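> Numbers 61 to 356, taken from the numbering used here, label the letters of the sequence shown in order. Beta carbons: idealized from backbone N, C-alpha and C, even for Gly. As the structure is a computational prediction, the values presented were derived from the model and not from experiment.
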Amino acid sequence: MKFAAIDIGSNAVRLLFCNVYEENGKTLFKKAELIRIPIRLGEDSFLNRKISKEKADKLVTAMKAFKNLIEVYDAVDYRACATSAMRDADNRYEIVERVKKEAGINIEVIDGKTEADIIYSNHIEEHLDKSNNYLYIDIGGGSTEITLFSKNKAMVSQSFNIGTIRMLHNQIDKEYWSYFKNWVNEITAGYKPLIAIGSGGNINKLFKMSGRKPNKPLPTSKLKGMYEVLESYTYEERIRVLGLNPDRADVIIPASKILLTVLKKADIEKLLVPQIGLSDGIVHLLYEKHKQKEPV
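Written as structure tokens, this is what we have:
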């Protein structure tokens, strides 16, 4: 079975194609293709509370292309979710209607809790060691979702309006930043030691740059060293010397700051990066919905 997931984020829009196989009573999810387009809706939404015609035009064009690809790919089902940037835009409903009319795609503008729930639907807890406690950190352009796991159960989960695009444009006030840090400190206090699990484009990129093998943890100390190196380069040098894409070279700095802040406040020494996120969670939910429709 083939499924498609559209993630309309604050930095980029993504289309994930995933093949789902059922073998010996087990369900396997295999990513087939990921298409990413850096439209940066958050730059309009967080600064002006409105998405400009220029960016809306780009979004519509991208959604038309995505719809065509979904049809060519013969996906059983698809779902499109928009997160923080669209949540904050006063003209979000106009854009949703325009995309529906011109591209034939229904966009759901989801709240922070729903976003965290979709990410949680990846059922990562099933692959964790029950004897450990984990802090799941998903960093996006407009928001950061944090979930605390203990004994394979989600104990507490919250979404914060703290993201890479917001931080890049100084849209996070000191009071809210302090609240965020204190919250992490308080909710993790009784669950030490903790292991972090990270997701989001920037965390995935940091892991790739670290040279760590898949499924091997990334030490916080190594991450801190990487951040110091990244910060020592100019934006242009990160592109030219380090080979980062222009839309990654700026946001990777605030992403690192957010991640290192959480790790410090939670007193965490290592980070696991399974390379999953919102779009993977969408696929899991689509598969579960499909299974419920099948005749017994």
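Per the contact definition of three or more C-beta pairs closer than 8 Å, is the region 331-343 in contact with the region 243-263?
Touching, per the Cβ criterion.
> Out of Asp327, Gln352, Tyr347, point me to the one whose CA is closest to Tyr194's CA.
Cα-wise, what sits closest to Tyr194 is Asp327.
> When the distance is taken between beta carbons, is Ser238 closer than 7 Å to Asn221?
No, the Cβ-Cβ distance between Asn221 and Ser238 is not below 7 Å.
> Judging by CA-CA distance, which residue of Arg147, Lys124, Ile66 is the nearest neighbour of Ile170?
Closest option to Ile170, Cα to Cα, is Arg147.
> Using the Cβ count rule (16 or more neighbours within 10 Å means buried), how would you classify Gly259?
Correcting the residue identity first, residue 259 is Ser in this sequence and not Gly. Ser259 should be labelled buried.
> Return helix, strand or coil for Ser70, following the three-state DSSP convention.
Coil.
> Are Ala315 and Ile299 close, meaning C-beta to C-beta below 7 Å?
Not in contact: Ala315 and Ile299 (Cβ atoms no closer than 7 Å).
> For Asp198, which of helix, strand or coil comes out of DSSP?
Three-state result, Asp198: strand.
> Pro253: which of Asn192, Lys173, Lys273 sits nearest, CA to CA?
Nearest C-alpha to Pro253: Asn192.
> According to DSSP, is Ser219 part of a helix, a strand, or is it coil?
It is a strand residue.
> Please state the DSSP three-state secondary structure of Tyr251.
Helix.
> Are there 16 or more other CB atoms within 10 angstroms of the CB of Val311, so buried, or fewer, so exposed?
Buried, by the Cβ-count rule.
> In this structure, does DSSP put Val80 in helix, strand or coil?
Three-state result, Val80: strand.
> Give the straight-line distance between the Cα atoms of Leu94 and Asn128, rounded to the nearest whole angstrom.
Their backbone Cα atoms lie some 15 Å apart in a straight line.
> Who pairs with Glu93 in a beta bridge, going by DSSP?
DSSP, once it has assigned bridges, lists Phe77 as partnering Glu93.
> For the beta strand (DSSP E) holding Glu205, just list the boundary residues, first then last.
Glu205 -> beta strand (DSSP E) spans 204-210.
> What is the rounded straight-line gap between the Cα of Ala142 and the Cα of Tyr287?
If you take the alpha carbons of Ala142 and Tyr287, they lie about 29 Å apart.
> Roughly how many angstroms separate the alpha carbons of Arg139 and Pro306, rounded to a whole number?
Cα to Cα, the separation comes out at about 28 Å.
> Tell me which residues share the same chain as Ile8 and place their Cβ nearer than 7 Å to its Cβ, disregarding the 5 neighbours each side in the sequence.
Within the shown structure, residues of the chain are numbered from 61 to 356, placing residue 8 beyond reach of any answer.
> Could you give the uninterrupted runs of the alpha helix (DSSP H) lying entirely in the region 261-315, keeping only those of 4 residues or more?
Whole alpha helix (DSSP H) segments, 4+ residues: 261-270, 280-292, 295-300, 306-309.
> Is there contact between the region 269-284 and the region 235-250, where contact requires at least three CB pairs shorter than 8 Å?
In short, these stretches do not touch, since the Cβ pair count stays below three.
> Can you tell me the Cα-Cα spacing of Ala116 and Ile167, whole angstroms?
Taking the straight line from one Cα to the other gives about 13 Å.
> Report yes if the C-beta distance between Arg74 and Arg109 is below 7 Å; otherwise report no.
Taking 7 Å as the Cβ cut-off, Arg74 and Arg109 do not qualify as a contacting pair.
> With respect to the alpha helix (DSSP H) encompassing Ala125, which residues constitute its N-terminal and C-terminal limits?
Unbroken alpha helix (DSSP H) run through Ala125: 113-133.
> Can you name the residues that DSSP bridges to Ser259?
Answer is Asp198, bridged to Ser259.
> What does the alpha-carbon distance come out to for the pair Gly359 and Asp198?
Since the first and last residues shown for the chain are 61 and 356, residue 359 lies out of range.
> Nearest-angstrom Cα distance between Lys62 and Glu83?
Each residue's alpha carbon lies about 15 Å from the other.
> Tell me where the alpha helix (DSSP H) around Val159 begins and ends.
Where Val159 is concerned, the enclosing alpha helix (DSSP H) stretches over 152-163.
> For Val356, which residues in the same chain have their Cβ closer than 8 Å to its Cβ, ignoring the five residues on either side in sequence?
At Val356, the pLDDT of 48 sits below 50, so the modelled position is not reliable; the number obtained from the coordinates is stated separately. Once the five neighbours on either side are set aside, Val356 has no close Cβ partner at all.
> Please go through the same chain and pick out, in chain order, the residues whose beta-carbon is closer than 8 Å to the beta-carbon of Lys234, but skip the five residues on each side of it.
Result list for Lys234: empty, nothing under 8 Å.
> Would you mind reading off the limits of the alpha helix (DSSP H) that contains Leu188?
Looking at the DSSP string, Leu188 is not in any alpha helix (DSSP H), and its letter there is neither H nor E.
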